[in-house]
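Residue numbers (the working numbering), protein chains in the order written: chain C, 5 to 298; chain U, 325 to 682.
See the structure below:
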């Protein structure tokens, strides 16, 4: 009886494995395979171009390279600042969108509209608006707020990556906001009412009651945004400076360098990006588990 | 202690619907326990939220000790509301939940700690400081919610259906606890309920609302003895109604003429109401008529009879010992004690003023 049941369970397992095989194969071959081959190349193993010795030279060289460290700092700055600003504005807009008001549906539609617009389109929009020759600069010139378009502060290809951050904030507010709004609506306003009637003012009720209740959602949405903005290539490539460039751009530059010897460094950079993203996801999962336990 | 006055209080959520609360006038006495009673959707909770400052009235005024508090923010009113579903803050310990109001008032930590302990003793849950709300039963959460409200020494305590989520046994316990604490602390307390028994058992005074309108505001026993309308008498259950004409202290009905010194109407078409337990079976004399026993049920602590008098059927509830005295089909005298007859108007118009007696 027992044996029969075991074999039945075994058969079930086998059929699940067979059914999952295609998906697993894709993940293993393309993702893990790519990761493994990238890792090998980052260790200076690339027989095709005559590199056969395993060593950590590429890692040593990037971590001692001032340019790489500047890129790392810049990438952190972009990801952290965009995520922070987008999260704060997203929570604020979710709070504004929560109560019932006339035309709420339309406002909500426009709020979530740019979830559907590709990042690239946003980047082009930022270019048109915020370049020195862009629309904002020309309007300000027209209004005599600045003398010449060239006086407009650099917001694209600038050292502070303002254009990149604007684009990310614009794109990610509705992403975080829609999640936070859903949580706000499910939590309801009664907890706040309790807090108010117990003597909390508006700010205290938000800070002590509403924010902790929505925090798990805010954290999970913003970690996704951070990991994305940390590893994304196209926006810093279009709106950023060439030097220092964001890490994904730097990795791409090294990879396409005519000097094949730069390949291991490009791979090492990609590994660092992957490693940091993985760390973030693990930290996020741990954080969210702590919240759930509480 | 605070006296709460509601004056013409009205709340309209949506022009398409009738007002949730309609021109409500109420004097809630200082230090007393007042029940807002009514079927669900009658505007009880809305009234309470307006007192707490969580909803803005459409018109009318709310006064604490004679001063309007409409412009005072909820956190400064000192009217603390305890919600039906407790709403303990899930991520805080029990101690932090109870101490919340004091923390908002920036009381120092040491004092908060000792007052939280006092509160836990008061609600008979000592040692619960470090637990989380989800580790507590519904009854325990309810008590913590009460402690969290009481710790700030509110001027007015507002309880929204405080017993409805509890099972029968816990309900009795909680009822005793609320009554005891309320008496000890003398806090003006308003509680909302849809259960007339709960209102009668617990409250000093009951305000009955139907459809956002005040029907009667009285001591609990008045709702049984001298209800304002047939509707109210029916809400409080099981009364006999016999239509007739009232004039000079007597009511003339199809089954006879009865002395009825207590009446809500001076004269005219009226309804005689008498509760089943006030009907005396087997007694003749004045104010009595002859009836036929249709059926009876023995229910242990009492017996219930269906009696036909003329074309009218009434119900009588008697001592269990009387069951054997009457058999189905017997013709017996039925007496209505004049002091227990209450004469009501027939119209549906409400009579919010006190009763006429004569």
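The beta-carbon is built from N, C-alpha and C at its ideal position, and this holds for glycine as well.
- Taking C-beta atoms as the reference points, residue 396 of chain U and residue 514 of chain U fail to come closer than 8 Å.
- Here residue 221 of chain C has 183, 184, 187 as same chain residues with Cβ atoms under 6 Å from its own Cβ, once five neighbours each way along the sequence are excluded.
- Between residue 512 of chain U and residue 480 of chain U, the C-beta spacing is below 8 Å.
- Against chain C, the beta carbon of residue 428 of chain U has neighbours under 7 Å at 202, 203, 204, 208, listed in chain order.
- Judged by DSSP in its simplified three-state form, residue 70 of chain C adopts helix.
- Considering only C/144, C/148, C/83, C/174, the residue with the shortest C-alpha distance to residue 114 of chain C is C/174.
- Unbroken alpha helix (DSSP H) stretches of 4 residues or longer found wholly inside the stretch 126-214 of chain C: 139-146, 166-191, 194-201, 206-209, given in chain order.
- Take the alpha-carbon of residue 361 of chain U and the one of residue 87 of chain C: they are about 51 Å apart.
- Using a Cβ-Cβ distance cut-off of 8 Å, the stretch 46-53 of chain C and the stretch 252-270 of chain C are in contact, since at least three pairs of beta carbons, one from each stretch, lie closer than that value.
- Per the Cβ contact rule, the stretch 203-223 of chain C is not in contact with the stretch 110-128 of chain C (fewer than 3 Cβ pairs under 8 Å).
- Straight across, the Cα-Cα distance linking residue 462 of chain U with residue 453 of chain U is about 17 Å.
- Close CB contacts of residue 65 of chain C within its chain, under the 7 Å cut and outside five residues either way in sequence, are with 269 (chain order).
- Residue contact check for residue 411 of chain U against chain C: a CB pair falls below 8 Å.
- Chain C has a Cβ within less than 8 Å of the Cβ of residue 407 of chain U.
- For residue 243 of chain C, the enclosing alpha helix (DSSP H) stretches over residues 238-243.
- Of U/334, U/352, U/540, the smallest CA-CA separation from residue 345 of chain U is found for U/334.
- Under DSSP, residue 333 of chain U forms a beta bridge with U/348.
- Taking C-beta atoms as the reference points, residue 631 of chain U and residue 647 of chain U fail to come closer than 8 Å.
- If you ignore the 5 residues before and after residue 288 of chain C, its C-beta comes within less than 6 Å of the C-beta of 227, all in its own chain and listed in chain order.
- Identification of residues in the stretch 415-441 of chain U having a C-beta nearer than 7 Å to some C-beta of chain C yields 415, 424, 425, 428, 429, given in sequence order.
- Here residue 467 of chain U is buried: its Cβ has 16 or more other Cβ atoms, across all protein chains shown, within 10 Å.
- Residue contact with chain U for residue 103 of chain C: absent (no Cβ-Cβ distance below 8 Å to any residue of chain U).
- Within chain C, no residue has its beta carbon less than 9 Å from that of residue 460 of chain U; the closest one is some 15 Å off.
- Taking all protein chains shown into account, residue 286 of chain C has fewer than 16 neighbouring C-beta atoms within 10 Å of its C-beta and is therefore exposed.
- Below 8 Å, enough C-beta pairs join the stretch 640-660 of chain U and the stretch 603-623 of chain U to call them touching: three or more.
- In the structure shown, the three-state DSSP call for residue 63 of chain C is helix.
- At a cut-off of 8 Å between C-beta atoms, residue 213 of chain C counts as an interface residue with respect to chain U.
- When 7 Å is used as the limit between beta carbons, residue 194 of chain C is near these residues of chain U: 407, 411, in chain order.
- Closest in C-alpha terms to residue 615 of chain U, from the list U/628, U/636, U/621, comes U/636.
- Residue range 251-259 is occupied by the alpha helix (DSSP H) that includes residue 255 of chain C.
- Residues of the stretch 641-661 of chain U whose Cβ lies closer than 9 Å to any Cβ of chain C: none.
- By the Cβ neighbour-count rule, residue 260 of chain C is exposed, with fewer than 16 other Cβ atoms within 10 Å of its own.
- Closest by C-alpha distance to residue 392 of chain U, out of U/641, U/507, U/327, U/534, is U/327.
- Contacts with chain C (Cβ-Cβ distance below 8 Å) from the stretch 536-555 of chain U involve no residue at all.
- About 7 Å separates the beta carbons of residue 544 of chain U and residue 523 of chain U, which is inside the 8 Å limit, making them a contact pair.
- Residue 405 of chain U carries a strand assignment under DSSP once its states are collapsed to helix, strand and coil.
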